[in-house]
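J.: Taken in order, these protein sequences are the chains called A and B.
Note that my numbering has the first sequence beginning at 27, numbered continuously upward.
Note that my numbering has the second sequence beginning at 164, numbered continuously upward.
Here it is: the structure, laid out below.
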Amino acid sequence: MISFFNYRAAQIRWLWVLNTLRCQTTHKVKLITYQTIPGSKAGFLVKIAVAPPNESETFAFSGMSTSNITEAFNKAFNEFLEADFFWKLKLDWRVTRSGFAGGRNQETALRRAYNELVERDAFIQHFFVPTLKSIPLEPLMDSQVRFAKL
Amino acid sequence: MIAGAQTSLKQWIIGLGADVNETSALQKAHAEYQMLKSSFSNPQDSLNQPKASCLKQHMVASAQNPASSNLETIFNGGGELIGSFKTTISKTDVSAEHCYASDRYIVRCTHNQLLPLSFGEFWNQSENHIFSLLRERGLNPSEFSLHPLF
């Protein structure tokens with residue numbers, strides 16, 4: 027649980043981020059949900075979902091950060107733009123958005139896309155070849171969550 | 164990195180993360196796991212969209228063997244083979260890109276050496292490609308009937 031004062035501070039921070047983003051793009055978004063989730067090593071997770079103002083909530087996109095609300099909002103906003111780009115390309119949804127990524131410049135977007143392709147490759151590889159060695163890691167605060175290095 | 168836990172129904176929720184350092188990759192995997200977990204526990208959330216039913220199917224199937232035992236092996240570090248595959252970001256192709264604003268780039272990337280993730284017919288059609296890539300790495304994959312996200 028977060029205190030009322032922390033929550034108010036986060037709300038004010040979010041409004042600042044939203045206004046900043048509105049100045050940067052013609053895409054208007056609205057806030058669907060906002061919540062902090064205890065349990066990470068950093069102490070909290072911020073989750074934000076955004077959606078186009080004229081769409082229903084079923085088209086919302088989420089962003090989460092272990093560090094700050096700005097990062098969470100930027101992730102949610104990038105997810106939204108990735109989906110918009112995906113629709114522009116008229117791709118079949120079964121193609122998935124693997125390899126789609128956003129960033130403040132092409133280099134950052136490319137790095138994020140590459141990271142996503144690598145993480146999925148690693149998982150598919152270990153899933154089909156379970157004899158491959160993975161390394162279990164110590165649990166964080168939330169003891170139910172297990173971690174492994176692929 | 165992979166983060167995951169089983170629900171009370173023994174269904175798996177999994178988050179993946181890759182980055183230039185382990186700490187950051189771990190945080191990404193954890194954040195993705197938390198995002199999925201909170202989305203499934205909150206019907207008003209962002210996963211309440213068309214692909215939610217697909218993800219729910221994956222979760223249900225994850226409780227069954229051999230998917231469940233493969234995941235247990237990954238989290239327990241039960242494998243013995245040491246993977247040797249390496250690649251670089253320089254082999255990533257940007258197949259499409261779009262600039263939404265001066266600092267909002269979205270890219271679509273492909274990497275011919277990495278295992279692609281898709282769904283439905285697209286996944287079935289990719290079987291030969293995925294298995295040949297795994298064999299090029301000197302690995303002997305198990306049967307293809309499963310989807311890595313079930």
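Every residue gets a Cβ at the ideal spot worked out from N, C-alpha and C, and that includes glycine.
1. Between ALA148/A and the ligand MG, is there a pair consisting of the residue's CB and a ligand heavy atom that are separated by less than 7 Å?
2. Just reading off the alpha helix (DSSP H) that PHE153/A is part of, what are its end residues?
3. Quick check: the segment 286-294 of chain B against the segment 128-141 of chain A, are at least 3 beta-carbon pairs closer than 8 Å?
4. Applying the 10 Å Cβ sphere with the 16-neighbour rule, what's the burial state of HIS152/A?
5. Is it buried or exposed, LYS101/A, if we count other Cβ atoms within 10 angstroms and call 16 or more buried?
6. In three-state DSSP terms, what is THR273/B?
7. Quick one: which residues of the segment 149-176 of chain A get their C-beta closer than 9 Å to a C-beta of chain B? List them in chain order.
8. At the 8 Å Cβ level, is ASN94/A part of the contact set with chain B, yes or no?
9. Would you report the Cα separation of VAL171/A and LEU143/A, rounded to the nearest angstrom?
10. Nearest-angstrom Cα distance between PHE103/A and LYS116/A?
11. Tell me whether the segment 269-280 of chain B and the segment 246-260 of chain B touch, counting them as touching only if at least three CB pairs, one residue from each stretch, are closer than 8 Å.
12. With ASP256/B as the anchor, note down where its beta strand (DSSP E) starts and where it stops.
13. Given a cut-off of 8 Å, decide if LYS173/B and SER232/B are closer than it, judged by their beta-carbon atoms.
T.: In brief:
1. As for the ligand MG, it is missing from this structure, which has no ligand bound.
2. It spans 132-154 - the alpha helix (DSSP H) in which PHE153/A sits, taken as one unbroken run.
3. Fewer than three pairs of CB atoms, one per stretch, sit closer than 8 Å, so the segment 128-141 of chain A makes no contact with the segment 286-294 of chain B.
4. With 16 or more other Cβ atoms within 10 Å, it is buried.
5. Buried, because 16 or more other Cβ atoms sit within 10 Å of the Cβ of LYS101/A.
6. If DSSP states are grouped into helix, strand and coil, THR273/B belongs with the strands.
7. Here the close residues are PHE149, ILE150, GLN151, HIS152, PHE153, PHE154, VAL155, PRO156, THR157, LEU158, LYS159, SER160, ILE161, PRO162, LEU163, LEU166, ASP168, GLN170, VAL171, ARG172, PHE173, ALA174, LYS175, LEU176.
8. Judged by the 8 Å Cβ criterion, ASN94/A is not in contact with chain B.
9. Cα to Cα, VAL171/A sits roughly 23 Å from LEU143/A.
10. Whole-angstrom Cα-Cα distance: 20 Å.
11. Cβ pair count under 8 Å is three or more, so yes.
12. In the DSSP assignment, ASP256/B falls within the unbroken beta strand (DSSP E) covering 256-264.
13. Result no, Cβ atoms of SER232/B and LYS173/B do not sit closer than 8 Å.
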